[in-house]
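Under the working numbering, read the sequence shown as residues 156 to 463, first letter to last.
Idealized CB from N, CA, C, for every residue including glycine.
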Amino acid sequence: MTTTDDLQAQEAAASPAERHSTPVDGVEVVGSLSPSRAGDFVTCPLLYRFRTVDRLPEPPTPAAVRGTLVHKVLEDLFDLPAAERTPEWAAARVEPTWQQLLEAEPELATMFGDDGAEVAAWLLSCRRALEVYFRLEDPTRLEPAEREAYVETVLDSRLLLRGFVDRLDVAPDGRIRVVDYKTGRSVRVGFEASAWFQLRIYALVLWRTRGVVPSMLQLVYLGNGEVLRYEPDEADLLATERKVEAIWRAIQQAHETGDWRPRRGPPCAFCAHQSLCPEFGGTPPPLPEALPLPDPAVPATAHGSDAR
Ligand code: SF4
């Protein structure tokens, strides 16, 4: 099982000291990039460095873990026969799913105080997010083709693009809908463009691998109960490919020059690395020695720490 951490390590493998390539499906790829990490670089090159090059740990946050928990319940929901996909079932899965997460990562308990009040309020917030989901969609009328789908493609530049799609719906006529759940709100300035960019990257990967431009990209915001939709076309996805390639070139240049500029903006409020950031009076640590090149052909799973 490969985790998001492994994906970050593989992306870090593009450093100049390791600029040798590695084969994926017979193609010598020069590196790999996920939509999340591309989004990091666009948001702030220094944030990308901290996460992907330095691989600094980030303490779990209630918001991020709520995203993980809610995604898991929504993934499991579609294992049930359609008639059993009820709000009551989803609400009842919150506590056991939290226990599963705790079992895998006992340090998650440190997010909350000892008296149980904070965790109770947080579990309630998870149930509320799921209640909102049932107001936005009727899962008894849906049969997703795939959930937590791992997708990858190699671009002409030999850059491996890959990531996980929350849900893929495929209509009988072959039309594809790409669905991304967000447990936050849709109105957060500085995040909306990033969310669409990441969904376009998934659409690009699907187009390249399946030969079909997804007919719909859908962001489902469970924080404020809003569904945003966008119909991409080939021109959109070609522009996305050019942007991804430009980001990759900028990442390579940053590796070569060591110039990972901080970019101050609204996402700084959620950044775990403010104390190391020059924008906030900090000093980044020395750049690490090159990491060994892992095998990017290893299939991956798990959502990991992507902020949702
Ligand atoms: S605090 Fe802001 S500018 Fe600094 S690394 Fe984090 S996101 Fe970038």
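Cα separation between D231 and R322?
Near 12 angstroms, if we compare the C-alpha coordinates of R322 and D231.
In this structure, does DSSP put V208 in helix, strand or coil?
helix
Please name the residue, chosen from T216, A424, G318 and A247, that lies closest to R192 on a Cα-to-Cα basis.
G318
Check whether the Cβ atoms of F352 and R302 sit closer than 7 angstroms, and answer yes or no.
no
So A259 and T295 are supposed to be a Cβ contact under 8 angstroms. How far apart are they, rounded?
Contact flag wrong, Cβ pair sits at about 30 angstroms.
With 16 as the cutoff for other CB atoms within 10 Å, does V182 come out buried or exposed?
Exposed.
Spatial neighbours of R147 in its chain, beta-carbon cut-off 6 angstroms, leaving aside the 5 residues before and after
Examination of residue 147 is not possible in this model, given that the chain is present from 156 through 463 alone.
Using 10 angstroms around the beta-carbon of R290, count the other beta-carbons present and answer buried if the total reaches 16, otherwise exposed.
Result: exposed.
For L279, does the count of other Cβ atoms within 10 angstroms reach 16, so buried, or fall short, so exposed?
exposed
Below 8 angstroms on the Cβ atoms is my guess for L201 versus P417; work out the distance and round it to an integer in Å.
4 angstroms
DSSP on G329, reduced to helix/strand/coil?
Per DSSP, reduced to three states, the secondary structure at G329 is coil, with no helix or strand assignment.
Backbone secondary structure at G194 - three-state DSSP:
helix
S430, DSSP secondary structure in three states
helix
Can you tell me whether A272 is buried or exposed? The criterion is at least 16 other CB atoms within 10 Å of its CB, across all chains shown.
exposed
Quick one, what's near ligand 1 if you take every residue whose CB is closer than 7 angstroms to any heavy atom, in chain order?
Those satisfying the condition are, in chain order, T198, C199, L201, L202, F205, P417, R418, R419, G420, P422, C423, C426, H428, Q429, C432, E434 and F435.
Same chain only: Cβ atoms within 6 angstroms of W277, ignoring 5 sequence neighbours per side
Only P217 meet the Cβ criterion.
I331 and F196: beta carbons closer than 7 angstroms?
no
Please say whether L315 and V399 have beta carbons closer to each other than 7 angstroms?
no
Contact check, L431 vs F205 under 8 angstroms by CB: the rounded distance?
7 angstroms
Let me know the secondary structure DSSP gives A219 once reduced to three states.
helix
Take L263 and list the residues in its own chain whose beta-carbon comes closer than 8 angstroms to its own, dropping the five residues that flank it on each side.
By the criterion of a C-beta distance shorter than 8 angstroms, L263 is surrounded in its chain by P215, V220, L256 and L257, once the five residues flanking it on both sides are discounted.
Looking only at its chain, what residues have a beta carbon closer than 8 angstroms to the beta carbon of C426, apart from the 5 residues adjacent to it on each side?
These residues qualify, in order along the chain: C199, L202 and C432.
By the 10 Å Cβ neighbour count, where 16 or more other Cβ atoms means buried, how is E411 classified, buried or exposed?
The C-beta of E411 has fewer than 16 other C-beta atoms within 10 Å across all chains shown, which makes the residue exposed.
Give the straight-line distance between the Cα atoms of M266 and E243, rounded to the nearest whole angstrom.
Distance between the alpha carbons of M266 and E243 is about 27 angstroms.
Give the range of the alpha helix (DSSP H) segment to which E301 is assigned.
E301 -> not in any alpha helix (DSSP H); beta strand (DSSP E) instead, spanning E301 to V309.
CA-CA distance, V325 and L361?
Linking V325 to L361 through their CA atoms gives a straight-line distance of about 12 angstroms.
Whole angstroms are fine: how far does the CA of D391 sit from the CA of L285?
32 angstroms
Proximal residues to H175 (C-beta, below 6 angstroms), its chain only, five neighbours per side dropped:
Its pLDDT being 39, under 50, H175 is placed unreliably by the model, and the measurement read from it follows with that caveat. The answer is none, since no qualifying residue turns up.
Which of the three DSSP states is assigned to L372 in this structure?
strand
In whole angstroms, what is the alpha-carbon distance linking C281 and V249?
7 angstroms
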